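Sequence order for the protein chains is A, B, C and D.
Under the UniProt record's numbering, the first residue of the first sequence is numbered 1, with each subsequent residue one higher.
Under the UniProt record's numbering, the first residue of the second sequence is numbered 1, with each subsequent residue one higher.
Under the UniProt record's numbering, the first residue of the third sequence is numbered 1, with each subsequent residue one higher.
Under the UniProt record's numbering, the first residue of the fourth sequence is numbered 1, with each subsequent residue one higher.
Yeah, the Cβ is synthetic: ideal placement off N, Cα and C, and Gly gets one too.
All values reported here derive from a predicted model rather than from experimental measurement.
4 protein chains.
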Amino acid sequence: MAMTEEEKVFKDPVHGYIYVHHPVIWDLINTREMQRLRRIRQLGTTYLAYPGGDHSRFSHSLGVYEVVRQIISAFDRNGYEWPHAFDVLAMVSGLLHDVGHAPFSHALETFLGTRHERWTVRIIEDPATEVHQVLERVRPGFSREVSAVLRKDHPEKLVVSLVSSQLDADRLDYLMRDSIATGVDYGKFDLARIIRIMRPYRGRIVVRRSGIHTVEAYLLARYFMYWQVYFHPVSRAGEVLLRAILERAEAVLGQNPDPYVPHPALAQFFRRAMDVRNFLALDDSVLLTAFNLWRDHADPILKDLTRRFLDRDLFQDLPLTTRDPETLAAIREVVAEAGYDPAFYCLIDETATVYYDYYLGNQSTPKEDDQAVWLYDRDEDRLIEMSSVSRPIQAIAEESRGVRRLYVPKEIWRDPPLRARIRALSQWEEGGA
Amino acid sequence: MAMTEEEKVFKDPVHGYIYVHHPVIWDLINTREMQRLRRIRQLGTTYLAYPGGDHSRFSHSLGVYEVVRQIISAFDRNGYEWPHAFDVLAMVSGLLHDVGHAPFSHALETFLGTRHERWTVRIIEDPATEVHQVLERVRPGFSREVSAVLRKDHPEKLVVSLVSSQLDADRLDYLMRDSIATGVDYGKFDLARIIRIMRPYRGRIVVRRSGIHTVEAYLLARYFMYWQVYFHPVSRAGEVLLRAILERAEAVLGQNPDPYVPHPALAQFFRRAMDVRNFLALDDSVLLTAFNLWRDHADPILKDLTRRFLDRDLFQDLPLTTRDPETLAAIREVVAEAGYDPAFYCLIDETATVYYDYYLGNQSTPKEDDQAVWLYDRDEDRLIEMSSVSRPIQAIAEESRGVRRLYVPKEIWRDPPLRARIRALSQWEEGGA
Amino acid sequence: MAMTEEEKVFKDPVHGYIYVHHPVIWDLINTREMQRLRRIRQLGTTYLAYPGGDHSRFSHSLGVYEVVRQIISAFDRNGYEWPHAFDVLAMVSGLLHDVGHAPFSHALETFLGTRHERWTVRIIEDPATEVHQVLERVRPGFSREVSAVLRKDHPEKLVVSLVSSQLDADRLDYLMRDSIATGVDYGKFDLARIIRIMRPYRGRIVVRRSGIHTVEAYLLARYFMYWQVYFHPVSRAGEVLLRAILERAEAVLGQNPDPYVPHPALAQFFRRAMDVRNFLALDDSVLLTAFNLWRDHADPILKDLTRRFLDRDLFQDLPLTTRDPETLAAIREVVAEAGYDPAFYCLIDETATVYYDYYLGNQSTPKEDDQAVWLYDRDEDRLIEMSSVSRPIQAIAEESRGVRRLYVPKEIWRDPPLRARIRALSQWEEGGA
Amino acid sequence: MAMTEEEKVFKDPVHGYIYVHHPVIWDLINTREMQRLRRIRQLGTTYLAYPGGDHSRFSHSLGVYEVVRQIISAFDRNGYEWPHAFDVLAMVSGLLHDVGHAPFSHALETFLGTRHERWTVRIIEDPATEVHQVLERVRPGFSREVSAVLRKDHPEKLVVSLVSSQLDADRLDYLMRDSIATGVDYGKFDLARIIRIMRPYRGRIVVRRSGIHTVEAYLLARYFMYWQVYFHPVSRAGEVLLRAILERAEAVLGQNPDPYVPHPALAQFFRRAMDVRNFLALDDSVLLTAFNLWRDHADPILKDLTRRFLDRDLFQDLPLTTRDPETLAAIREVVAEAGYDPAFYCLIDETATVYYDYYLGNQSTPKEDDQAVWLYDRDEDRLIEMSSVSRPIQAIAEESRGVRRLYVPKEIWRDPPLRARIRALSQWEEGGA
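Next comes the structure, spelled out in structure tokens:
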């Protein structure tokens, strides 16, 4: 494949510069579908907790491409065997892996009932998209090769694991990027060294055993980012409020044309029957504009919830340990007595089911598609599973409790009698982590 | 004034943490008007040139508050005379100074014909705003004190100069913030030292002469940020396209209700008769959602221009030296021959008129409201104007040429005969800086 | 106590600036004993492993002072009860805590048989030192108060724990400083937040429970710094070689005056009867100059060992698991057969005995002088021991194995038969961590 | 040339990592002569002004090698013509360029009357050095090729300009390194971009015109580093004191063996007849150990001057404008009256003669060996001299005044009558820059 006339670069807070040499990468970056990611925040509602969390999925996507490029380049420099015929496929897959992300990420996915990975594949395979057309110009059928990688179906497992594994380019980029943007410094690790100690080995990407502490630091960075950022109670408060807004809007909005639906794609969204074209019209702006309209809606609940979201008057979180249906009903009763519809003002958030897989390796020998990180012991020419030789990683690998929280309006929480009643019911110990 | 029960903090990429002690600051941050700034990018269209330029006016506003707080604290520590009765006024003024910013900053201001400073004052003085109500709870009339500072009318000139001068908290924050966000490292300077060498002196803020090189570095940081970021041709390409879109939309959009107007505030915007309430409903999202609709509009020009903006298919810039009306008409003729309406596809951008004032000191003694930076020579107890003792600053103080560029579609620029014709007419030397 | 006329500052890579307000701090910094620390590397032989590890005990000592100053200032800002009468005592103790450090730290301590804490106290209490004289000018007996803090004998336990505990200013500074200097990024943590969540509580310094993850990151930073820096095999190779050199020199050097003893203090050192005056004449330079001379000494072993040290031709490390005396004798035999005196060329290093105490809390309620980190739960007004609620900390708290290594010349290690023999004897598995 | 089996790396605060692939680089790093640079501070006496300035010439030398490596790699990536036969020569020359540095840099050079460049060439060409032997193993005569590059005699001018020019790898590394170590942030510039815009063009290294502001930032970084670090009055105070000490020592020390001469090389030094072997025995440690001895010497001046140096009780600087011999004699008279020998206590420092050449380009067309930075205008295929198109650079290019300072003991400066007399004579305006 011909190189572009001269290298293109993007300034980047994580990698310094992102270097583009292949025309197909450059053309993909300039498609409508990739440019849309400039208008979707990488971290959904996290900007409500961390004012710096405004960075976009676009810069993350460039970053994943760059990490793939650097890894392949390091393999080359060290003389490792790597199937260079797949270089472009790997870089393209890294670049496009998030092209199907919905605005505000996971809340909308839940509502649509389709994970973003599915949308990514649909967009790549849809002949009407610019991304598809650029890919097919590489060679007919190339778009299917890319979607095979992203579906983890591609026969070259090394390429798949570069894009989807415990040590994939996606995580390597987002942990650093989210850490830098939010300012949560201890999400950082030594990316340059991780890349240097990676190597292909019998169809998977492994790391040299001598780099064990660098990998520990990387896995612990994930642990910290979950607790400090991804599970942050304020970030989750935005997410639960978003879900409540969508549910209320679905119930309240009329048939088209409704002046409170700012874009036709949103009407289709609420009919839960989106096509690719309309999906691509959705971005953070359309949602925020809808909320902007809805804060003047006649429905008092929709009006109130959107005002809360836009003005960051979020719900208070309380730790919730009980799962007893009667107790939960009693809590909802308290909220109702306080004058709030519990369906929208008494919300439970369980994040373990959404995000929590930070390290689950526990086998002693590798099997296909396992999620473990394997250390390569050069002298003995064998692989050792990470948590079997690292106590801190063993500790967090076993930890899978996740977070379960109750969210209610701050007015309730600030009312001592109401607070006391909910506290008693939720078995909540004040100050619990 | 009572302190809050415990200090509140925001994580911040510039200052590490932003510390809030006074309840009025906390309450102002939580107003609708301040929270709206979370949805307005600090740098307008610059995110099209620098993928990291997604940071909001909200974080900048917190930063200006923090710099004011730190300066006052340093005055205190060093035993300088400072009117502590004005502490809260100064901090509040720093926090609120940008509350009247329109989305995409300057393009919309030009269209509205009202600078954001005016909107800031209107919002602060409007009894219906939350900001106004919080201020009046401090003491009746306090909102007028704040607007007096922001209008530079307040009798305590020290407070005015903390918020509006060559060394004000606004610039000290935004240069660092924009530098960090875009990754343009040489916009950085030694903020901690600048704050330490500042002192009040006969009604103005001056800097100790021994810190001359630190101030040079700060003023040169401005110089670099203008050339690398604020005047960046891609950033300006977004701005000129935005202006063309607004002009076309005004001509094309129908009367209300028009399904292509996603929010009533935008309809009022095009009637050029905005009230505060509707102004506050405008944010980046409403504009981007409008563009999202307009890319499917029947008008081919509006449709094309908004597609270009959203997909970052921006115009090409050419340096333009001529001001001869006949020559400019001839250039427009070339564009028309190529099939483009020159009113929307042959655009001139002059940034000197908008931004360019980076250092204009040239007097030898201070006078009221001059814009110079004054160095304080302790031994001689006198002030020395900065550019009179610094050759690099003298050099950039004299430079006031600004930038004048012609923007046309890239298709024209890529057509050698058309390019040659425009080049000849624009007296453009290829490769000129 | 009077403030200095204006604040003094030092530029510092960890804290940005170090601020000095009290004249006694300024005067102590300028004593002969503190200035000597400029000529002692903070990390002993670590510069042989990390070329950036050249920073001095002097900058660390300033840093500890600065951290104490910031902690007291944060207590003040948050309205915590703190005995302000002890401010200067705490800051002085932080500044002086390492004034008795020998060059190349621990190797020389072992040789002298006196830990640096003893020397620190002797220097502070010796009427002939400048440090002592400055302290006594504060008030008669003040030097004894300082040495009481450093001996952990002072009745105000809060002051003691600021300078000596799991969360003392010493560790808070050196972990950050060593991390920045060596470039081992994952030794960093959020120092500003640690300081903000610290508070005095019933005679000890505790941290708010909400900051648990920040403390985890701090304790794990220690873990990483031990493995990546303090236990680094090359750094330890320098240390074991240093011990061998000192032992050989003691055996070989003649009576005074010996032209190979560059300074009289070194002669006294080898007589193992140092007084304070001579101790203070020792610094890294004197040792390195001695090595520089000894590389031309007639004794072939002393000559060879010092050449190895100066030219960084260090011994190879092998993991050593056996403690069986016969096996160790057999290994020494191999080394002897290869032509090397095993007393100087077959060295065992056990670092656990020297450094390894990174987290040993395991009680459930505090007792005096325990070393645990206690979390303060505000709602329940009780303390919780850190490792009882953090699995990663529990994991590293239990890990106390340390490192045991065999060091032999690289020539032996590069000789396959010799290597195989030693390997078999040492029960060494190649590639073991 | 064969690659090493696997790449070697050094952690580095400037470049993240330094990568070594060629065995000859690795072998050179491990020579006695290169390892000696670990014991020579990069910035001489600057650590007395900036506590962080303890970094060594060794890490700088690795950095220069790394910058050369990166530049060649960028030329390759961009398809520029570059004579790859000279890759190793260029990298080796970068690595070895400072191998002849004396301890405390310039003060000792002046005393020896031989610049370090001469010593570098002597060491490289001396058959007894390890460096020479490693080079000759590459191919016979290779050491002469390297010394030709360092003497600027090599016919391949591109290689020479990589190592010696306004934009050479030496400056690119030391400005960044000294800036990071001292914490003077505004010495930083965008090294990655400088490397990317460099290209070979007709036998010299030029930079693309589009990168003009990046080069401005680099040249201004030099300007700032000179004023903030290299010309810092405290750093220079250390230098003038060092010169005075050496002069006094020469006069006072006896014939060998003198117990106050800690190493035979120093005796030879004072006989001003050094050979390579003894030169290589000199390092910072030997000098500091000598001072350590001399502070107990019978000569009161030598004793006092060395105490001042070691305890950082440096002389006070006063700006000096006069060059009138009678006036200078009168000043010395004042110092003598105060009881100090003016030959050692009334010192003049002129730094312009030593360092000051930061930008002297003023031609309009290139000529061989000019020192200008040339911008390459691709469209017009011509070179433009930097200062002709940049006003800030023109401003600093014209500035060549340098700094001239008088140094006297602080006791004199603190005595008002003496101070007034010297002030009147030196035409010194208090507070002058």
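Top-ranked residue by Cα proximity to residue i, from the options
{"i": "A192 of chain A", "options": "A:I72, A:I29, A:A338 and A:N278", "result": "A:I72"}
{"i": "K152 of chain D", "options": "D:P409, D:Q371 and D:P417", "result": "D:Q371"}
{"i": "residue 515 of chain A", "options": "A:S161, A:T351 and A:F279", "result": "Because chain A here runs from 1 to 433, residue 515 of chain A falls outside it and cannot be looked at."}
{"i": "L347 of chain B", "options": "B:P366, B:K367, B:L320 and B:A338", "result": "B:L320"}
{"i": "V215 of chain B", "options": "B:W227, B:K188, B:A237 and B:Q228", "result": "B:K188"}
{"i": "K11 of chain D", "options": "C:R307, C:L253 and C:V229", "result": "C:V229"}
{"i": "I212 of chain B", "options": "D:P127, D:F270, D:W227 and D:I396", "result": "D:W227"}
{"i": "R236 of chain D", "options": "D:F270, D:H106 and D:E33", "result": "D:H106"}
{"i": "R209 of chain A", "options": "A:L220, A:Q133 and A:R196", "result": "A:R196"}
{"i": "P233 of chain D", "options": "D:L406, D:I29, D:A420 and D:N30", "result": "D:L406"}
{"i": "H97 of chain D", "options": "D:R115, D:R307, D:G53 and D:R382", "result": "D:R115"}
Residue(s) in a DSSP beta bridge with residue i
{"i": "G141 of chain B", "result": "Answer is none; G141 of chain B lacks a bridge partner."}
{"i": "P200 of chain A", "result": "A:I205"}
{"i": "Y17 of chain A", "result": "A:K11"}
{"i": "R41 of chain B", "result": "B:S56"}
{"i": "Y376 of chain A", "result": "A:R208 and A:L383"}
Sequence-distant residues of its chain with Cβ nearer than 8 Å to residue i (five each side left out)
{"i": "S56 of chain B", "result": "L37, R38, R39, I40, R41 and Q42"}
{"i": "T4 of chain B", "result": "Residue placement at T4 of chain B is flagged as unreliable, the pLDDT there being 43, under the threshold of 50; the coordinate-derived value follows with that caveat. Hits under 8 Å: V20, H21, H22, P23 and W26."}
{"i": "T353 of chain C", "result": "With a pLDDT of 39 at T353 of chain C, under the threshold of 50, the modelled position of that residue is not reliable, and no figure is offered here."}
{"i": "H132 of chain D", "result": "I123, I124, E125, D126 and S143"}
Cutoff 6 Å; reference residue i; Cβ partners in own chain excluding five residues on either side
{"i": "P103 of chain B", "result": "I40, L282, D283, D284 and L287"}
{"i": "R122 of chain C", "result": "V276"}
Range of the contiguous beta strand (DSSP E) that encloses residue i
{"i": "R405 of chain D", "result": "R404 to V408"}
{"i": "D317 of chain B", "result": "Q316 to P319"}
{"i": "E385 of chain D", "result": "R382 to E385"}
Endpoints, alpha helix (DSSP H) assigned at residue i
{"i": "E81 of chain C", "result": "Per DSSP, E81 of chain C belongs to no alpha helix (DSSP H) and is neither H nor E."}
{"i": "L347 of chain B", "result": "Careful: L347 of chain B lies outside any alpha helix (DSSP H), inside the beta strand (DSSP E) at L347 to E350."}
{"i": "Q35 of chain A", "result": "R32 to R36"}
{"i": "K157 of chain D", "result": "K157 to V163"}
{"i": "A265 of chain A", "result": "P264 to F270"}
{"i": "V229 of chain A", "result": "Neither: V229 of chain A is in no alpha helix (DSSP H) and is coded neither H nor E."}
Neighbourhood of residue i by C-beta, 7 Å cutoff - its chain only, sequence neighbours within 5 removed
{"i": "V14 of chain B", "result": "G63, D173, M176, R177 and I180"}
{"i": "L293 of chain A", "result": "Y260 and P262"}
Chain C contacts made by the segment 381-412 of chain A, where a contact means CB separation under 8 Å: V389, R391, P392, Q394, A395, I396, E398 and E399
Contact residues within the segment 181-212 of chain C, judged by C-beta distance below 7 Å to chain A: D185, Y186, K188, F189, D190, R209 and I212
Chain-ordered residues of the segment 247-273 of chain A with a beta carbon less than 7 Å from chain B: P257, P259, P262 and H263
Residues of the segment 17-30 of chain B whose Cβ lies closer than 9 Å to any Cβ of chain C, in chain order: Y17, Y19 and H21
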